[in-house]
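In this note's numbering, the protein residues as written are 2 to 93. The beta-carbon is built from N, C-alpha and C at its ideal position, and this holds for glycine as well. To start, the structure itself, in structure tokens.
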């Protein structure tokens, strides 16, 4: 699986996942077959997400192509924020 792909950190979804990784946010992930997993992401790359489930010592690797939905598990939905853009917009 040798690919010359790099993670595009200019994409808002990539930046949001990185924010959740830094915050050690608990997530719910739905896979294409309908299976749901919970845990926290340890890292991401262009091919996989590493999900550590509660009580586990080692992460599961999830293929990005099989992930349908990723959402934070939290009591306060207002705590979920989009990361700020990389570059500020120029003044009008």
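Cα separation between residue 11 and residue 21?
-> 16 Å
Identify which residue in 74, 66, 75 has its Cα closest to the Cα of residue 34.
-> 66
DSSP on residue 11, reduced to helix/strand/coil?
-> coil
Cβ pair residue 63, residue 31 closer than 7 Å | no
Would you decide whether residue 56 is buried or exposed? Buried here means 16 or more other CB atoms lie within 10 Å of its CB.
-> exposed
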